Amino acid sequence: MTEKCPRTGMPRELSVGEVAERSGIAVSTLHFYETKGLIHSQRNRGNQRRYPRSILRRVAVIKVAQRTGIPLSEIADALSVLPHDRPLTSLDWRKLSETWRRQLDERIARLTKLRNQLDGCIGCGCLSMQECPLRNPLDELAAEGPGPRLLEP
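If you're matching positions, the sequence shown starts at 7 in this note's numbering and goes up one per residue.
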């Protein structure tokens, strides 16, 4: 029998299927998140995964972060310093979102620069475009390393 919260009457723990249904995430994705350390479960006597209700908020944060293009490794690093035994708070979210906002601003700036230079010289060293002698005379950017040096941060 599932233990219920005395105050709300709702189950204290959720099965993997219940978490999947409530969060809109596939069961296999939840298992993947668990292997990556993003979420944690407990096993019941029947060796079935059980998650605290607070996992729903954590999964929602992961989904939002992924939608903004933040790599799972960075999400895992950010979540690793937060406790797993309580729901994420508004203060937790504020700290996460401030960090991610800075990263997104940097990514947007790089993408904007890339978009604006797509039809021009990117400093690849080919010297085939009219602008190259102006932007990279005598392939001077080669000394900085391989690749399109004008686009690298």
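The C-beta atom is built at its ideal place from N, Cα and C for all residues, glycine as well. These numbers were taken from a predicted model, which means no experiment stands behind them.
Boundaries (first-last residue) of the alpha helix (DSSP H) holding residue i
{"i": "L117", "result": "S96 to Q123"}
{"i": "L36", "result": "V33 to T41"}
{"i": "E80", "result": "L78 to S86"}
{"i": "L62", "result": "I61 to R73"}
C-beta contact flag for residue i and residue j at 8 angstroms
{"i": "L85", "j": "V25", "result": "no"}
{"i": "S29", "j": "A82", "result": "no"}
{"i": "W99", "j": "A71", "result": "no"}
{"i": "L44", "j": "I76", "result": "no"}
{"i": "S60", "j": "R18", "result": "no"}
{"i": "S34", "j": "E40", "result": "no"}
{"i": "L36", "j": "R64", "result": "no"}
{"i": "L147", "j": "R155", "result": "yes"}
{"i": "L78", "j": "K42", "result": "yes"}
{"i": "L117", "j": "T74", "result": "no"}
Bridge partner(s) assigned by DSSP for residue i
{"i": "S21", "result": "R56"}
{"i": "Q48", "result": "R56"}
Residue i beta carbon near the ligand GDP (any heavy atom closer than 7 angstroms)
{"i": "G151", "result": "You won't find the ligand GDP in this model; it holds no ligand whatsoever."}
Is there contact between the segment 44–56 and the segment 18–32, where contact requires at least three CB pairs shorter than 8 angstroms?
Contact between the segment 44–56 and the segment 18–32 is present, because at least three Cβ pairs lie under 8 angstroms.
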